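What follows is a short report on a single structure.
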Amino acid sequence: YTVIGRFDLAAGFAQKIIDSHPDPIELLRLSEENPRGYAIVVKVHAGNPELAPLAEKILGIIENGRFARRTDSEIIVEEIKRLSSTVRGKYTAIERLRNAGEYAIPYMVDAMADQNRKAEFPNITTALPDVGKSAIRPLTASLAMDNLIVKAEIIKALGKIGYPESLGYLKYIAEKDSSEQLRELALESINQIDSSASGKTAAELFYQTAENYYYKAESLSPASDVNFANIWFWNKDSGRLVREEVSKAYFNEMMTMQCCEWSLQGNPDFGDAISLWIAAFFRAEGISAV
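One gets the working numbering by counting positions in the sequence shown from 1 and adding 1 to each.
Okay, structure coming up:
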């Protein structure tokens, strides 16, 4: 009806879809089966003032479906198992785990640490870097674990992913970790990412990352398909990664503060980190008060 210009009828059917409270994953599936129809909804949202509010709601439901599907724990667990199937199955699993992004990492780390899944270990470690940049925040958080074998693979994966956000965490291990093997692996990964960083301290590298968060570097932006962001932590009691959802409005400030705290763990006398932490705190407080 939109194509033939019957916007009144198009609006009626759009409202019926919204009022039916459709399953977001099912609506996503329908949009994928009918790409031309999906393109029309996108076009309407961009250029038809009469239908744009309804199109926005429908597109929102579709995006909710996209998020729900890529973060579905059952699907992620099955794809991790599929890494150890056929060659084709492995490539399909890697693509789907890459799509799941940061949400795949807790389950991959769990599987790597599971003594009953040793046969899968090589395939999971091979796939870990393929998840890509979105894996960095949970992977760096998981460096607080005690499992040296899994920790070593995470250090290697961070080097292969190759983004400077990891540098402070890797240099901290190179400076502080009790394991000589892990210290050497951390230096190797640093050299893979940026060989010049090996001459800087962990405190300096964390401070650089903190500044990048504070000034909202695009490379550090959280996923765009949801209205929140995740901050990851390692829970020593459960031995698992956990996440806290925070508003995107002050995500950068929270990460700035976290990186400043790591900087001070590296060097308690690094005064610039204290100043930046305070600046980020007051900015976050101002945002949350609005």
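All C-beta atoms in this analysis are idealised placements derived from N, C-alpha and C, irrespective of residue type, glycine included. Just so it is clear, the structure is predicted and the values come from calculations on it, not from any experiment.
By the 16-neighbour rule on beta-carbons within 10 angstroms, E103 is buried. V43 sits close to L60, with the two beta carbons spaced by under 8 Å. With a contact defined as Cβ atoms closer than 8 Å, A204 and G267 qualify at about 4 Å.
Between the alpha carbons of V45 and Y208 lies a gap of roughly 45 Å.
Assigned with DSSP and collapsed to three states, V43 falls in helix. Residue pairing for S222: DSSP places it in no beta bridge. At the C-beta level, I26 and R97 stay beyond 8 Å of one another.
The region 137-152 makes contact with the region 236-249: 3 or more CB pairs, one atom from each, lie closer than 8 Å. The three-state secondary structure of E75, taken from DSSP, is helix. DSSP lists F234 as the beta-bridge partner residues of V243.
Beta bridge pairing from DSSP links F229 with S248. Counting along the chain, no alpha helix (DSSP H) covers M146, and no H or E run does either. For the set D115, D73, N124 and Y170, the Cα lying nearest the Cα of A105 is the one of D73.
Assigned with DSSP and collapsed to three states, R67 falls in helix.
Here G48 carries a helix assignment [DSSP, helix/strand/coil].
Q193 is not a Cβ neighbour of G169, given a cutoff of 8 Å.
Across the set L188, L171 and M256, the C-alpha of M256 shows the shortest separation from the C-alpha of E212. In the three-state scheme derived from DSSP, where H, G and I count as helix and E and B as strand, K119 is classed as helix. Remark: fewer than three beta-carbon pairs, one from each stretch, lie closer than 8 Å, so the region 84-99 and the region 48-64 are not flagged as touching. In this structure, the CA atom of L188 is about 10 Å from the CA atom of G200. Here DSSP, grouped into helix, strand and coil, assigns D111 to helix.
With fewer than 16 other Cβ atoms inside 10 Å of its own Cβ, Y216 counts as exposed. With 16 or more other CB atoms across the displayed protein chains lying within 10 angstroms of its CB, N124 is buried. Going by beta carbons, S180 and L149 fall inside the 8 Å limit.
Contact check for A285 and E262: beta-carbon distance about 14 Å, past the 8 Å limit, so the pair fails to qualify. Rounded to the nearest whole angstrom, the C-alpha separation of I19 and R67 is 17 Å.
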